[in-house]
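J.: Take a look at this one; I'll ask things after.
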Amino acid sequence: MNNQQYDFYYKTNGLIYGLRIMGIIFLLASLVLFFNTWWPYLQILSLPLILLAVNFFIGSIVARKVISPDYMALPFVDLFSSPDGLVLDAGCGAGRVTIEVGKLLKNGQIVALDLFDPKVDSMSGGRDLLEKNLEIAGISNRVRIVQGDVTNMEFEDNNFDSALSALLLNNLGKSKLSGLNELFRVLKEGGKLLGIVPVTGLHTFAVMSVFSLLMTSKPEWRSLFGQAGFKLLEEGDINFGRYFLLEK
């Protein structure tokens with residue numbers, strides 16, 4: 007491993023700047039509403055606008071800490087059945103999880119799957135950034151990069167010993183179950199999946215405000231896992247989200 011630093015930042019820091027801009031907008035709106043109207047009821051509305059502005063500013067600080075220049079630490083769970091197994095990183099992005107898996111499995115082979123869609127690569131860095139980070143980590147020779155959709159993967163059935171999906175399943179919308187069904191299909195019998203998703207809490211509320219209340223709840227995730235055929239082995243808190251260790 008060389009002395010270069012990983013680059014897992016969003017290229018334009020769009021989320022962070024967006025939160026700051028929203029904070030400024032709501033702050034200005036509250037000031038205009040308070041000082042340019044004499045109707046007390048409208049002036050009262052300036053208070054929740056100020057609170058939202060503060061929320062967005064705090065959210066930008068939290069987001070800055072989440073988007074760290076380091077690889078992602080995984081929960082200490084019994085995920086890998088073999089030190090030289092084949093592991094799928096579904097929704098690998100710039101490689102934060104891929105690199106951590108490579109550090110844990112010195113002889114394991116990893117398949118890094120992502121859409122690598124130009125429409126979203128400006129936020130994730132794209133394939134070029136992933137390749138750069140893998141090179142810095144010194145694991146390029148053990149990682150096969152595959153462009154694909156987790157809801158319709160081209161892998162054979164019972165192909166992987168283990169799989170991970172960090173902060174992907176929550177972005178699938180109505181296709182969450184389709185993605186889980188596919189992950190179940192490509193795992194070997196007895197293979198395990200580690201899913202990490204954001205859930206409603208102080209950190210997510212700081213970043214997403216009231217919109218965080220619309221996120222899939224923990225009971226809903228458990229139900230989806232069961233519908234896909236998974237057995238829930240373990241779950242717990244990690245950073246601003248929740249991890250679930252599942253078995254086929």
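First residue of the sequence shown? That's 7 in my numbering, and the numbers climb one at a time after it. Using N, Cα and C, we set each Cβ at its ideal position, and we do this for glycine too. Since the model is a prediction, treat every value here as computed from it, not as a measurement.
According to the neighbour-count rule (16 or more other Cβ atoms, all chains shown, within 10 Å of its Cβ), is G144 buried or exposed?
T.: Classification for G144: exposed.
J.: Taking the Cβ atom as the reference point for each residue, do A100 and V149 lie within a distance shorter than 9 Å?
T.: Cβ atoms of A100 and V149: not closer than 9 Å.
J.: From what residue to what residue does the beta strand (DSSP E) around E160 run?
T.: That residue, E160, is in no beta strand (DSSP E); it is neither H nor E in DSSP.
J.: Short check: CB of K198 to CB of E253, under 9 Å?
T.: Yes, the pair counts as a contact, with Cβ atoms nearer than the cut-off.
J.: Helix, strand or coil for Q49 per DSSP?
T.: In the structure shown, Q49 sits in a helix (DSSP, three-state: H, G or I).
J.: Please list, in chain order, all residues of the same chain as T233 whose beta carbon is under 8 Å from its beta carbon, the five residues on each side excluded.
T.: Checking the displayed sequence, the identity of residue 233 turns out to be Gln instead of Thr. These residues qualify, in order along the chain: L183, L186.
J.: Could you tell me which residues DSSP puts in a beta bridge with E26?
T.: The question names Glu, but residue 26 is Arg in the sequence shown. None; R26 has no bridge partner.
J.: From the DSSP output, in three-state form, read off G144 for me.
T.: Residue state, collapsed to three classes: coil.
J.: Just to confirm, is the Cβ distance from M221 to N176 under 9 Å?
T.: In this structure, N176 lies closer than 9 Å to M221 by Cβ.
J.: What residues in its chain sit with their C-beta under 6 Å from that of I272, if we drop five residues either side in the sequence?
T.: Not covered by the structure: residue 272. The range shown for the chain is 7 to 254.
J.: May I ask you to list the residues that DSSP assigns as paired with F41?
T.: Paired residues: none, contrary to the question.
J.: In three-state terms, what does DSSP make of A96?
T.: Looking at A96 - three-state DSSP - the assignment turns out to be strand.
J.: Run through the DSSP bridge pairs and tell me what L199 is partnered with.
T.: Bridge partners of L199: A169, L252.
J.: What does the Cβ neighbour count give for G242, buried or exposed, with the cut at 16 atoms within 10 Å?
T.: Counting Cβ neighbours within 10 Å, G242 comes out exposed, since fewer than 16 surround it.
J.: So L6 is in the beta strand (DSSP E); what residue range does that whole segment cover?
T.: Since the first residue of the chain shown is 7 and the last is 254, residue 6 is not available in this structure.
J.: Out of curiosity, what's the CA-to-CA distance linking S168 and G201?
T.: Looking at the two C-alpha atoms, the distance is approximately 11 Å.
J.: At what residues does the beta strand (DSSP E) containing G101 begin and finish?
T.: Unbroken run through G101: none, as it is neither H nor E.
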